[in-house]
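Colleague: In our numbering, the protein residues as written are 7 to 470.
(1) Per DSSP, residue 301 is paired with what?
(2) Taking all protein chains shown into account, do 16 or more other C-beta atoms lie within 10 angstroms of the C-beta of residue 435, making it buried, or fewer, making it exposed?
(3) What are the start and end residues of the alpha helix (DSSP H) that includes residue 143?
(4) Just to confirm before moving on: does the CB-CB distance between residue 180 and residue 133 stay below 8 Å?
(5) Kindly list the residues whose CB is nearer than 8 Å to the CB of residue 263, restricted to its own chain and excluding five residues on each side of it in sequence; keep chain order.
(6) For the alpha helix (DSSP H) containing residue 308, list its first residue and its last residue.
(7) Taking Cβ to Cβ, would you say residue 141 is nearer than 8 Å to residue 183?
(8) Am I right that residue 375 and residue 388 are in contact with their C-beta atoms under 8 Å? What's the rounded C-beta distance?
(9) Does DSSP put residue 74 in a helix, in a strand, or in coil?
(10) Once DSSP output is grouped into helix, strand and coil, what is the label at residue 168?
(11) Okay, do the stretch 71-90 and the stretch 419-434 touch, 3+ Cβ pairs below 8 Å being the bar?
(12) Between residue 170 and the rest of its own chain, which residues show a CB-CB distance below 7 Å, the 5 nearest in sequence each way excluded?
(13) Determine the direct distance from the alpha carbon of residue 344 to that of residue 165, and round the result to whole angstroms.
(14) Give me, in chain order, the residues of the same chain whose beta-carbon lies closer than 6 Å to that of residue 104; leave out the 5 immediate sequence neighbours on both sides.
(15) Taking the continuous beta strand (DSSP E) assigned at residue 198, which residues delimit it?
(16) Look at the alpha carbon of residue 411 and the alpha carbon of residue 163, and state the distance between them as a whole number of angstroms.
(17) Comparing C-alpha positions only, which one of 61, 121 and 159 sits nearest to residue 95?
(18) I need the straight-line Cα distance from residue 151 to residue 463, nearest angstrom please.
(19) Between residue 420 and the rest of its own chain, which residues show a CB-CB distance below 8 Å, the 5 nearest in sequence each way excluded?
(20) Take residue 4 as the anchor and find which of 255, 426 and 187 has the nearest alpha-carbon.
(21) Do the stretch 361-368 and the stretch 301-309 meet, that is, are 3 or more Cβ pairs less than 8 Å apart?
(22) Within the continuous alpha helix (DSSP H) that includes residue 452, where are the two ends?
(23) With 16 other CB atoms within 10 Å as the buried threshold, where does residue 423 fall?
(24) Keeping to the same chain, check which residues put their C-beta closer than 6 Å to that of residue 196; ignore five residues upstream and five downstream.
(25) Would you say the stretch 238-247 touches the stretch 310-330, given that touching needs at least three Cβ pairs under 8 Å?
(26) Identify whether residue 335 lies in helix, strand or coil by the three-state DSSP scheme.
(27) Of the residues 339, 155 and 282, which one's Cα is nearest the Cα of residue 191?
(28) Using the DSSP secondary-structure output, state which residues sit across from residue 388 in a beta bridge.
(29) Counting along the chain, where does the beta strand (DSSP E) carrying residue 64 start and finish?
(30) Under a Cβ-count criterion, where at least 16 other Cβ atoms within 10 Å of its own Cβ denotes burial, should residue 89 be classed as buried or exposed?
(31) Measuring alpha carbon to alpha carbon, tell me which residue in 117, 124 and 176 is nearest residue 327.
(32) Determine the burial state of residue 403: buried for a count of at least 16 other Cβ atoms within 10 Å of its Cβ, exposed for fewer.
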């Protein structure tokens, strides 16, 4: 509705999708039977672009021994190699990679509609205009983040990112987008942003967002995570897959029968999102007031798709954007759509830890080897080890691998005293620094600072 109201001449827009100011809309704005029903459609306007909030920038390398500084993972985004830029440029004749495509506009508008609808259900006392402005600010900030990354990569002169409301095929909170922008704009290669003084205790895992130094929130340890869903069979299969292999527990809840509002608590809220553009979408980490997980239920292995999105909600990131991914896969830049480079931007080593878990091409958090292709069927990445076997496993949604299980367990199932002190611990662990080369005993520094990544939680003997 948002897209068609702003683009009324689009031949694919049906008359019922064009809403006049003051008219009572259908779903999602008019969704439900409670307070959200019958509200007037907000007047569409271009909201003034607000500057992002200021964040404190911290240097995570401060105080590290030189031995470990020499073993740091890649930091923030850098300019791409010339041959990779040239490979992308040749696929962008004229201004073809600077077009605002209809599918991008439609994605952005539809996601904004759903976001506004859910926020209105959660905050009925807020006006639609207030909520719409907040959502538009978030959308603007996500696109601003992508624009900055394109400048850093050195491709902004011939391409611009898709303004589709997503980053790397994920939803971002306003706080996450602004913190990432602050990091990119800092002069330091390694940095993290501190959003406020009220959220100091955070944690991160494997292919996870590092909660200690990034604005991604974690669910409380030891408490079941509430969730609600309409497509119960697929979701229950997914929930059972996670609970049978990890310590994480969930509690199924029901929507208010009169208002269809999500529970008034932090919870996972499954929403049927009937589109062939995406199988599923989610925020990374806890999102207030509730975590919407959008599922199309039009793809194969929807229980596995649901697990992929639930793991995002738990804080897990995509496997193929690990800072060390180039050791395990080759990205085929010749075949990638230049407007979807955010699918392949590696995570910042300052705000990401593998927790010492090896890279796995068959992780449920890995994308298909054809994702982001400029033409249907082209391969966009390949595994360096046994590609004939491992490439087809990329993007599998049959179930959690042991690496996926380890990631959740390291994030939620280890005792408090087994917390890494540095987000670089995962990289150090995968480089073999947990043990002394001379005698094979645990390294003293790693025992004291990286017990989780090195699996030293019960360690009693170690060497300086």
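All C-beta atoms in this analysis are idealised placements derived from N, C-alpha and C, irrespective of residue type, glycine included.
Modeller: According to the data block:
(1) In the DSSP secondary-structure assignment, residue 301 is bridged to 278 and 286.
(2) Residue 435 comes out buried.
(3) First-last of the alpha helix (DSSP H) with residue 143: 134-159.
(4) Remark: C-beta atoms of residue 180 and residue 133 do not approach each other more closely than 8 Å.
(5) Only weak support exists for where residue 263 lies, its pLDDT of 46 falling under 50; the value from the coordinates is given anyway. The answer is none, since no qualifying residue turns up.
(6) If you look at residue 308, you'll find it in the alpha helix (DSSP H) that goes 308-320.
(7) Going by C-beta atoms, residue 141 is not nearer than 8 Å to residue 183.
(8) Indeed, because the Cβ distance is near 6 Å, the residues count as touching under 8 Å.
(9) It is helical.
(10) Residue state for residue 168 is assigned as coil, using DSSP reduced to three classes.
(11) Touching, yes.
(12) Excluding sequence neighbours, residue 170 sits near 110, 113 and 114.
(13) In a straight line, the C-alpha of residue 165 is about 6 Å away from that of residue 344.
(14) Correct list, in chain order: 166.
(15) Note, residue 198: beta strand (DSSP E), 198-200.
(16) Each residue's Cα considered, the two are about 42 Å apart.
(17) Per the Cα distances, 159.
(18) Each residue's Cα considered, the two are about 38 Å apart.
(19) Excluding five sequence positions before and after residue 420, the CB atoms of its chain that fall closer than 8 Å to its own CB belong to 458 and 463, given in chain order.
(20) No answer is possible for residue 4: it lies beyond the span of the chain, which begins at 7 and ends at 470.
(21) The stretch 361-368 vs the stretch 301-309: no contact.
(22) Segment 450-455, the alpha helix (DSSP H) holding residue 452.
(23) Classification for residue 423: exposed.
(24) Cβ neighbours of residue 196 beyond the five flanking positions: 66, 67, 81 and 356.
(25) Yes, the stretch 238-247 touches the stretch 310-330.
(26) Three-state result, residue 335: strand.
(27) Among 339, 155 and 282, the Cα nearest to that of residue 191 is on 155.
(28) Paired residue(s): 336.
(29) Run containing residue 64: 62-64, per the beta strand (DSSP E) assignment.
(30) Exposed: under 16 other Cβ atoms inside 10 Å.
(31) Ranked by Cα distance from residue 327, the options 117, 124 and 176 are led by 176.
(32) So residue 403 counts as buried.
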